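What follows is a single structure, written as structure tokens, with notes after it.
Numbering (mature numbering (1 follows the signal peptide of the UniProt record, and there is no 0)), first residue to last: -30 to -1, 1 to 186.
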């Protein structure tokens, strides 16, 4: 009799787990990348980045992954975006990926959060860089470096990043890193701001530096 009861409990547990998996699958399927208008345009080669557009594009990508994990979306925060942009600009000028900078009053991740004037109990920061052209993680051939002509395969040129592809690529790189992924999927944060800057002197026609600040 006990064996029958345990078997029934086991069956109910399996059904409950199956129902949970189905529910989570449905939730993930309902998630979408709601990119802001204009995100498909190419980021200008002169380094003039639309700060509001890149912030919104990266936030949309972050919220897509949070949705898939069953987490609430993060709200945008201008103060966080401002300090993130300033740190990205410093990294591009210094040609250095670092959480520390020489910017007065904003030399560390914590000081940047304080400089954002956002009240917070929890916070974190992600940084990263990627090439101006879509060559990260791919095998490519240099046809003419001076003309920024790269090919993935013969006759198929590599395009420069758009706001949407830049956002998707940098967030994918972060999601592939346990520490950065943990920041993106942190339940304790509710707001985020991101910024990017171009180092035109880097190899392969330039490199974007990206910074992202979370607060909760």
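Yeah, the Cβ is synthetic: ideal placement off N, Cα and C, and Gly gets one too.
These numbers come from a predicted model, not from an experiment.
{"query": "Please state whether DSSP places residue 49 in a helix, a strand or coil.", "result": "helix"}
{"query": "When the distance is taken between beta carbons, is residue 137 closer than 9 Å to residue 161?", "result": "no"}
{"query": "Put residue 28 into one of helix, strand or coil per three-state DSSP.", "result": "helix"}
{"query": "Looking only at its own chain, which residues have a Cβ that is under 7 Å from the Cβ of residue 70, when we skip the five neighbours before and after it?", "result": "77, 78"}
{"query": "In whole angstroms, what separates the C-alpha of residue 130 from that of residue 21?", "result": "18 Å"}
{"query": "Can you tell me which residues form a DSSP beta bridge with residue 178?", "result": "100, 168"}
{"query": "Give me whichever residues DSSP pairs with residue 121 in a beta bridge.", "result": "111, 127"}
{"query": "From this set, 42, 89, 102, which residue's C-alpha is nearest residue 50's C-alpha?", "result": "89"}
{"query": "In or out: residue 121 buried (at least 16 other Cβ within 10 Å) or exposed?", "result": "exposed"}
{"query": "I'd like to check one pair, residue 55 with residue 25: are the Cβ atoms closer than 9 Å?", "result": "yes"}
{"query": "Taking the alpha carbon of residue 93 as the reference point, which residue from 15, 44, 64 has its own alpha carbon closest?", "result": "44"}
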